[in-house]
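**Q** To convert, count from 1 in the sequence shown and add 969; that's our numbering.
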Amino acid sequence: MDLNGSAQRLLRQMIDEAPLLKIEAVRNGVGTTILDCGIRTGGGLEAGRWMAEICLAGLGGVSFVQGNPNLWPGPAVQVCSDHPVAACMASQYAGWKLEGKKFFAMGSGPMRAAGSREPLFDQIGFREKPGSTVGVLETRKIPPDEVCQRVAEACGIAADQLTLLVAPTASLAGAVQIVARSIETAIHKLHELGFDLSRIDSGYGVAPLPPVAADDLVGIGRTNDAILYGGEVTLWVRGDDDSLQQIGEKIPSSASSAHGEPFADIFSRHNGDFYAIDPMLFSPAVVTFNNLDTGRVFRFGHAVPQVIHRSFGM
970 MDLNGSAQRL LRQMIDEAPL LKIEAVRNGV GTTILDCGIR TGGGLEAGRW
1020 MAEICLAGLG GVSFVQGNPN LWPGPAVQVC SDHPVAACMA SQYAGWKLEG
1070 KKFFAMGSGP MRAAGSREPL FDQIGFREKP GSTVGVLETR KIPPDEVCQR
1120 VAEACGIAAD QLTLLVAPTA SLAGAVQIVA RSIETAIHKL HELGFDLSRI
1170 DSGYGVAPLP PVAADDLVGI GRTNDAILYG GEVTLWVRGD DDSLQQIGEK
1220 IPSSASSAHG EPFADIFSRH NGDFYAIDPM LFSPAVVTFN NLDTGRVFRF
1270 GHAVPQVIHR SFGM
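Printed below as a string of structure tokens:
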């Protein structure tokens, strides 16, 4: 499966339509293309949708649908994939920490399969050696040349063969691409619980799109809450029913002792350290299994409208 090749086809279309998407592509001092989707540009819904699909390596579709009015009277972000492990775990998962002088971002997208040293790839496969690659960064700053050069070297390519899509959390495009991670959070949780990911055939997820926040800290809270308290994911799987029944209660965010209050409050209490928060919290509110072998359906978890209302400022 060619994650980078699939994403590059989408990337070329996105760059061609940059003016319509209210984004801008520029080359920096080392030749890396930076696609600004919301730092110095307006960005928007479609820019966020394209970002999310490139983050999925072109192996998933992202769209906007009417949300559940009991949660939030606005739109929701819908995502689906028939290759969810490759799309979500090998590409979309924000597993690559990028740091530089006064710069920090978590890297997503198919560049991870080329340059990341995450042990995850030793378990799921999908490592690649592409001629060019693309990544997505959640950041308020344009990545400096030295960070781009370091990423390119890790990927085994020249810096002018690297493209980075960037947008802050408190932007419309940034919020869309983060909320499009509902399936990814469910599959990542399953992986952490030791579930055999090869059993997963397809995935579908939906989560409310929150109002854009005035600052990134509030944005982090709202986008996380959208999935933790309002996200619903369906996974089509194979194998025995007993294992699904046994693991099911551990998957939704409600399995965590930290569940029940806005993420911004949890984040603040842990001094802004994601890694200090109970990892069992990071999953959708509701997860449903449809066993393709037996035809049985298992549903776990529940949405929490009152937290969504408080987080979104209703």
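Note that the Cβ used here is the ideal one computed from N, Cα and C, for glycine as well.
Keep in mind that this is a model prediction, so the values were computed, not measured.
If distances are taken between C-alpha atoms only, which option among Leu-1089, Thr-1108, Asn-997 and Phe-1095 comes closest to Leu-1186?
**A** Nearest C-alpha to Leu-1186 among Leu-1089, Thr-1108, Asn-997 and Phe-1095: Thr-1108.
**Q** What do you get for Gln-1275, buried or exposed, if any count of 16 or more other CB atoms within 10 angstroms of its CB means buried?
**A** With a threshold of 16 other beta carbon atoms within 10 Å, Gln-1275 falls short and is exposed.
**Q** Using DSSP with H/G/I as helix, E/B as strand and the rest coil, what is Tyr-1244?
**A** helix
**Q** In whole angstroms, what is the alpha-carbon distance linking Arg-978 and Val-1145?
**A** Rounded to the nearest angstrom, the two C-alpha atoms are 21 Å apart.
**Q** Name the residue from Ala-1183, Arg-981, Ile-1156 and Asp-1211 whose alpha carbon lies nearest to the alpha carbon of Cys-1049.
**A** Ile-1156
**Q** Based on DSSP bridge pairs, tell me the residues matched to Val-1062.
**A** Note on identity: in this sequence residue 1062 is Tyr, with Val being the wrong assignment. Partner(s): none; Tyr-1062 has no beta bridge.
**Q** Compute the Euclidean distance between the alpha carbons of Ala-1183 and Gly-1013, then round it to the nearest angstrom.
**A** 15 Å
**Q** I want to see whether chain D comes within less than 8 Å of Leu-1106, judged by CB atoms only; does it?
**A** Absent here is chain D; the protein component of the structure consists of one chain.
**Q** Rounded to a whole number of angstroms, what is the C-alpha to C-alpha distance between Gly-1029 and Gly-1270?
**A** For Gly-1029 and Gly-1270, the distance between alpha carbons rounds to 24 Å.
**Q** Helix, strand or coil for Pro-970, going by three-state DSSP, please let me know.
**A** One detail in the question is off: residue 970 reads as Met in this sequence, not Pro. Correct three-state label for Met-970: coil.
**Q** Counting along the chain, where does the beta strand (DSSP E) carrying Gly-1104 start and finish?
**A** 1102–1107
**Q** Quick one: residues in its chain with C-beta nearer than 8 Å to the C-beta of Ile-1216, no 5 flanking neighbours on either side, listed in chain order?
**A** Correct list, in chain order: Leu-1159, Leu-1162 and Phe-1164.
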